[in-house]
Each structure stands twice: as C-alpha cells, then as structure tokens.
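Enquirer: FYI, UniProt numbering numbers position 229 of the sequence shown as 229, with every residue one higher than the one before it.
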Amino acid sequence: MTAAATHTAGGSSDAPLRAEHSVPRIVEVEPELNITDLLERQVAADPDNVLFGRQLIPGEWTDITAAAFREDVTALAKGLIARGVEPGDRVALMAATRYEWTLLDFAIWYAGAVTVPIYETSSPSQIAWIIQDAGVSIVFAEKDQHLRAVDRAIVDENLDGVAHIFLIEGEDLEELRSAGAQISDEEVESRRSRAGLEDLATIIYTSGTTGRPKGCELTHGNFADLSIQAMTSLQAVINKEASTVLFIPLAHVFARFISVICVAAGARVGHTGDIKQLVDDLGTFRPTFLLAVPRVFEKIYNAAMMKAENDGKGKIFAKAAETAIEWSRAQQAGRVPLGLSLKHALFARLVYSKLHARMGGRVTHAVSGGSPLGARLGHFFHGIGVQIMEGYGLTETTAPITVNTPENYKIGTVGIPLPGCAVKIAEDGEILGKGICVFSSYRNWPELAQETFTEDGWFRTGDVGTLDEDGFLTITGRKKEILVTAGGKNVSPAQLEDQIRADAIVSQVVVVGDDRPFVAALITLDPETLPTWLPRLGLDPQTPMSELVENPQIREHLQSVVDRANESVSRAESIRVFKVLEQDFTIDSGHLTPSMKIRRSNVVKDYADVVDELYRDAAQKRGGTG
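1) Please list the segments of the alpha helix (DSSP H) lying wholly inside the region 293 to 320, counting only runs of 4 or more residues, in order along the chain.
2) Using the rule of at least 16 other Cβ atoms within 10 Å of the residue's Cβ for burial, across every protein chain shown, is residue 56 buried or exposed?
3) Apart from the five residues on each side of it in sequence, which residues of its chain come closer than 6 Å, Cβ to Cβ, to residue 210?
4) Got a sec? Which residues, its chain only, sit under 6 Å from residue 344 by beta carbon, not counting five neighbours each side?
5) In the DSSP assignment, what are the bridge partners of residue 55?
6) For residue 435 versus residue 421, is the C-beta spacing smaller than 7 Å?
7) Taking residue 531 as part of the beta strand (DSSP E), name the residues at either end of that continuous run.
8) Please classify residue 86 as buried or exposed, where buried requires at least 16 other C-beta atoms within 10 Å of its C-beta.
9) Buried or exposed for residue 158, please, with buried defined as at least 16 other CB atoms from any protein chain shown within 10 angstroms of its CB.
10) Cutting at 6 Å between CB atoms, please list the residues of its own chain near residue 626, excluding the five before and the five after it.
11) From the DSSP output, read off the bridge partner residues of residue 387.
12) In this structure, does DSSP put residue 437 in helix, strand or coil?
13) Helix, strand or coil for residue 209? Go by DSSP, reduced to three states.
14) Report the CB separation of residue 77 from residue 188 in whole angstroms; it is logged as a contact under 8 Å.
15) So is residue 498 buried or exposed if we call it buried at 16+ other beta carbons inside 10 Å?
16) Checking the sheet assignment: what are the DSSP bridge partners for residue 490?
17) Measuring only the C-alpha atoms, how far is residue 227 from residue 212?
18) Can you say whether residue 370 is buried or exposed, counting buried as having 16 or more other CB atoms within 10 angstroms of its CB?
19) Among 425, 554 and 460, which has the Cα closest to the Cα of residue 395?
20) Going by beta carbon distance, what residues of the same chain come within less than 6 Å of residue 109, once the five residues before and after it are set aside?
21) Compute the Euclidean distance between the alpha carbons of residue 172 and residue 365, then round it to the nearest angstrom.
22) Report the CB separation of residue 97 from residue 248 in whole angstroms; it is logged as a contact under 8 Å.
23) Look up residue 393 in the DSSP assignment and give the residues it is bridged to.
24) Nearest to residue 494 by alpha carbon, out of 465, 505, 488 and 32?
25) Going by DSSP, what residue range makes up the beta strand (DSSP E) through residue 508?
26) How long is the line joining the alpha carbons of residue 270 and residue 503, rounded to whole angstroms?
27) Anyone know if the C-beta pair for residue 236 and residue 288 falls short of 7 Å?
28) Roughly how many angstroms separate the alpha carbons of residue 624 and residue 520, rounded to a whole number?
29) Quick one: what's got a C-beta closer than 6 Å to residue 101's C-beta in the same chain, skipping five residues either side?
30) Assuming residue 169 and residue 143 are in contact, meaning their beta carbons sit under 8 Å apart, how far apart are those beta carbons, in whole angstroms?
31) Considering residue 373, what are the terminal residues of the alpha helix (DSSP H) in which it resides?
32) With a 10 Å radius around its C-beta and 16 neighbouring C-beta atoms as the bar for buried, classify residue 353 as buried or exposed.
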C-alpha cells in the first residue's frame with residue numbers, strides 16, 4: 001500500500017507484520033538549500049503574509065508579517081556579525097518559549113552561525129557542560145535568573161570562550177541592532193546563503209534519561225528538507241491559513257521542527273511561555289492546530305471530566321465520552337450506525353462544543369509526540385472533532401520520523417514514515433531509522449558511531465516496536481527499559497505506566513521489578529488536580545499530601561486504576577503492589593527530563609530504599625513467599 005493510500009481499519013492482531021517500510025521523497029530539494037531559504041521564499045511569495053502573533057499585552061496579539069520578521073532577523077544578524085560572530089560559530093539560546101526565541105534562531109542562521117539551545121531549567125553545571133562541549137562563544141539569556149546561572153557556570157568551570165552574554169529582556173537586543181547598522185546587506189546575504197543541506201545548523205543536547213547529555217549535530221537539511229517533504233503529507237493541517245500556539249520548550253527538537261515547518265508553510269504562530277496562561281491564550285489566539293505531549297491532552301480531558309462532575313453533570317460527560325470513543329472506533333472501522341451518529345450529534349452540541357471552546361474554538365487537529373498517547377484518548381479526541389496525529393521520533397531524528405496524517409491515520413499507532421524516511425524492525429524488535437531526518441553524529445563522541453548506527457547505516461533508536469501490513473509503526477517500549485523479573489519474564493513498563501498516568505489524580509508512575517519476584521510501582525499524585533477531586537470523597541481540598549498518600553479512599557481509587565491497567569497484560573506482568581510517594585517527580589528533583597520523560601535510573605537509585613521496603617513488606621504479608 002502506498003503512502004498516499006487511505007487507511008481506516010485498525011488492523012487485526014493476526015495481520016501479517018512487515019520488517020521495513022520506507023517512503024520516497026516527494027519533492028526534489030537542491031543541495032545548496034538551507035533553513036533561511038524557507039523564510040526567503042515566504043518573503044518573495046507574499047511579504048505581507050502574517051507569520052507570527054506577538055503578545056506584548058496579555059490577550060492582545062500583534063501581527064508580524066514575513067517581511068517584518070525578515071527585516072528584524074537581518075538587523076540582529078548584522079549585530080551578531082558586528083560583535084565578531086564568524087560562520088560556524090556556536091551561539092547559545094537559553095529562554096522559555098517566546099517570539100524572540102525563533103527570532104534569534106533565524107538571526108543566528110542568517111549570520112552563518114549554529115544555534116545551541118539550553119533549557120531554561122538547566123543547572124549551572126549543565127549549562128557549563130553544553131557551553132564547553134559545543135564551544136559556545138555567545139549566549140542569549142532570557143532573564144536575570146538565567147543570566148546569573150550562565151555567569152555561575154562560566155565562573156565555576158573557569159570557561160574562557162564566551163565573548164558576550166546578551167539579555168533578551170531589556171535593552172541588549174536593541175543595542176545589538178544598533179551595533180549592526182554599518183554591516184551591509186551583501187555581507188548578511190553572503191553569510192545566510194553559505195550553508196547547504198549538509199552543513200551544521202544546530203547542536204541539540206539530549207535531555208538524557210541517563211548520563212551526561214550528548215550533543216546531536218543536526219544539519220540544515222535535517223530541518224529544511226524534512227519540512228518540505230512533511231508539508232506534502234501535512235498540507236491539510238499546516239498551511240498558509242493555519243495557526244498554532246507553541247507552548248512546549250523550543251529548546252526541544254519537537255517544537256523547534258514545528259517552528260521551522262510553520263515558516264516554510266506560511267502558517268501563523270503564537271508563543272506562550274507560561275503554561276498557566278495557555279487556556280486564556282488559546283481563547284484569544286484561536287489556533288487551528290495544537291502541538292503537545294500526551295500529558296497535556298490527558299489534563300484537558302481530566303479537567304473537563306472533573307468540571308462536569310463538580311457541576312453535577314458527571315454522568316452526562318461520561319456518556320458523551322463513551323459515545324465519542326465508540327463513534328471514533330466505528331468511523332475508523334468504516335461504518336457508523338445511524339443511532340450512534342444521532343447520539344454523537346447531540347453530544348456535539350451539549351458537550352464537545354464546550355471542549356472546543358476551551359481550545360479556542362477552531363482547533364481541528366493536533367500533533368502529539370514525546371510519549372505514547374493511548375488509543376482511548378486518541379479515540380476520544382477524534383470523536384469530539386480533534387484529530388490527534390500521533391508521531392514518533394527523537395532528537396536524533398529531528399523529531400518526526402513517522403506520523404499519522406489526515407489521510408493515513410490509525411489510532412494507537414505512530415503512523416508511517418514521512419517522505420524521505422524509513423523505519424525497520426531489527427531481529428530483537430528494536431526500531432531502526434534512516435533518511436533525511438536522521439542526524440549526522442554526536443558532537444565530540446565519534447566512538448559512539450558503532451553503537452549508534454548499524455553497519456549498513458541504520459540509526460538504532462533504542463525503542464522497541466512493530467510494523468503492521470500497511471507500514472504503520474506501533475511503539476511497545478524502550479529496549480533498555482525492559483524489566484526482567486526474577487522469574488525471567490520480560491515486562492515493558494510503558495504499557496502499564498501510560499494507562500495509570502492517564503488517571504485524573506495521578507501525576508507520575510514508575511514500574512519496577514528488575515530481578516524481583518513480581519512487578520510493583522511507585523506512584524505520585526497530581527497536586528493540580530487533587531483540590532477539585534477530593535471534595536467528591538468528602539475530603540478537605542487542603543489536606544496535606546502526607547495524609548493523602550496513606551488515605552484509604554485514595555488507595556482504593558488507585559488500586560482500581562492499577563487493576564484496569566493490569567487487564568492489558570498477563571498475570572506475570574501485572575503490578576502486584578504499589579507505593580504512593582509524598583513527593584512528585586520533577587525536573588528540579590532530577591527525576592524528569594526537560595521534555596517530561598522519566599529518568600528511570602535516577603528514580604530507581606534515589607528510591608532504592610523505598611523499593612526494597614515495598615518488596616519486604618509484600619513478602620511478609622505473603623508469608624515470605626513473595
């Protein structure tokens with residue numbers, strides 16, 4: 001079946017599996033192309049097309065055209081050149097998601113330099129490692145707190161390569177524009193056009209679930225060529241009439257790729273650095289599609305469910321949710337019964353329209369990545385009229401290597417390869433990738449090449465999955481995170497964790513059981529959700545977390561959640577006991593990456609005593625039999 005074919009069936013469990021699937025390039029791209037050409041094309045085609053909405057006053061968005069954006073990009077690029085930036089120099093960006101992030105990203109490229117993102121949550125030691133490893137000469141820091149962190153990193157590690165540190169908030173950018181006034185347009189054009197597809201565009205340091213972050217060297221071709229090919233598959237979603245609000249970190253490759261492809265497509269982009277303002281910003285910006293990790297969609301669903309229950313409409317919401325899921329499954333199977341269609345139309349007016357309103361009223365599609373979404377949530381949103389196109393990729397694959405598209409769509413999978421890309425399943429189940437999205441190398445780590453790539457050039461993702469007969473990829477777990485119990489049973493933690501984490505009051509969950517007699521779990525509670533959930537049990541919303549983790553009603557609810565998750569696995573893979581932790585896993589605690597993935601090894605190490613106690617208590621209760 002070709003990439004252009006329409007897939008509607010979910011596929012049966014006994015359907016034949018395939019080991020490899022590739023999709024050829026649809027558009028031929030000249031080798032001298034680079035990311036800046038995507039903006040140049042926009043300006044040439046329609047200089048007045050609005051590429052960005054910038055929020056200077058809360059709730060008010062100022063339109064920025066392609067021509068205006070390019071003009072400011074050029075002014076800042078001239079300033080960088082005036083401050084001594086040479087082609088190939090590395091310039092670091094440490095800021096929350098905001099308009100200036102993308103503005104400076106393009107200015108760095110127009111100056112012929114290489115952007116090095118730094119997460120705004122990074123510690124001074126992490127900042128120092130990135131500056132030193134990448135050879136950064138200039139740093140842009142968003143606020144005083146980031147500036148202090150950079151200064152401390154430079155002092156603590158005695159770094160001497162940083163020539164300038166500019167503050168984004170304040171007068172530094174204006175002074176940079178003024179400094180470049182004497183630089184000619186010809187000089188910028190010479191710098192801008194120098195790079196080709198094979199040249200380095202950015203070094204993105206993996207947030208790393210283990211060890212020190214590795215710098216992924218991504219080329220102009222990784223972004224520009226992939227954007228051009230992906231637009232052919234996502235044309236119905238990302239186009240000149242489309243718009244989105246970016247709120248996940250632009251330091252992460254996922255948001256960064258969307259930022260570039262939106263410029264290529266001429267779509268309008270807004271930015272929100274504070275997740276607490278997201279609902280308000282969606283209401284005023286009114287995007288047509290969203291980009292998010294699954295946790296955001298879980299929170300949207302859970303918030304709507306709890307609001308309905310608190311308003312005495314819980315049963316109506318539950319019926320509406322089940323109808324949405326049932327309708328989506330029927331639609332994917334190719335036939336929606338009349339009765340279900342009528343019921344679906346009724347709930348569309350009563351319930352689904354309110355959910356649409358919370359997302360701005362115009363969202364029809366969303367792109368999800370970072371971790372598995374879960375089929376139930378995918379069917380729910382599809383059923384209410386928001387098609388979530390789940391995709392798969394890593395920093396090393398410039399974000400998406402596969403994605404569901406409006407025409408090629410199977411809920412529960414992460415789609416088929418984008419044009420110019422390929423995936424393959426190794427004999428041990430590991431997913432291998434190849435194509436225009438795959439990075440060139442890790443900076444300063446040439447010895448990793450052999451374990452990173454196969455002899456015939458396939459990138460080893462470290463994830464495990466399957467390909468169905470139509471080439472749709474399904475992720476089943478992490479190769480290195482497969483637990484092996486004392487009885488020799490292989491257990492994929494993700495399958496259980498994703499289902500438990502979808503519950504309204506669960507924040508995080510880590511399944512344990514390596515070399516243990518059975519599987520167990522560590523669970524944390526969601527402090528944002530609890531205050532609106534607790535009154536249903538007659539509990540005070542202000543009840544301390546220390547009391548909640550031992551509360552019998554909380555434990556009973558969590559046990560039912562665990563029991564439901566256990567239904568999806570065998571007895572040997574099921575969670576027998578769990579511990580509710582008082583402290584949540586966070587980025588600051590070192591248990592989450594900046595992209596909200598669990599640092600499993602850190603959790604297992606830091607909570608080793610808790611896990612040991614969990615198994616000891618379980619063994620005593622079972623008479624020492626385990």
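Quick reminder that beta carbons are idealized off the backbone N, C-alpha and C, glycines included. Model, not experiment: these values are computed from the prediction.
Expert: Taking the definition as stated:
1) 294 to 310
2) exposed
3) Bear in mind that the predicted position of residue 210 carries a pLDDT of just 47, short of 50, making it unreliable; the figure below should be weighed with that in mind. Hits under 6 Å: 601.
4) 323 and 327
5) 61
6) yes
7) Per DSSP, residue 531 belongs to no beta strand (DSSP E); it is in the alpha helix (DSSP H), 530 to 533.
8) exposed
9) exposed
10) Here residue 626 scores only 37 on pLDDT, less than 50, and its place in the model should not be relied on; the value that follows carries that caveat. For residue 626, where only same-chain residues beyond five positions count, the Cβ hits under 6 Å are 517 and 619.
11) 365
12) coil
13) Bear in mind that the predicted position of residue 209 carries a pLDDT of just 46, short of 50, making it too unreliable to give a figure here.
14) 5 Å
15) buried
16) 484
17) 30 Å
18) buried
19) 460
20) 35 and 36
21) 38 Å
22) 7 Å
23) 400
24) 465
25) 506 to 512
26) 30 Å
27) no
28) Here the model assigns residue 624 a pLDDT of 44, short of 50, so the residue's position is not dependable, and the following value carries that caveat. When rounded, the distance between both Cα atoms is 16 Å.
29) 95 and 250
30) 6 Å
31) No alpha helix (DSSP H) contains residue 373, which DSSP labels as neither H nor E.
32) exposed
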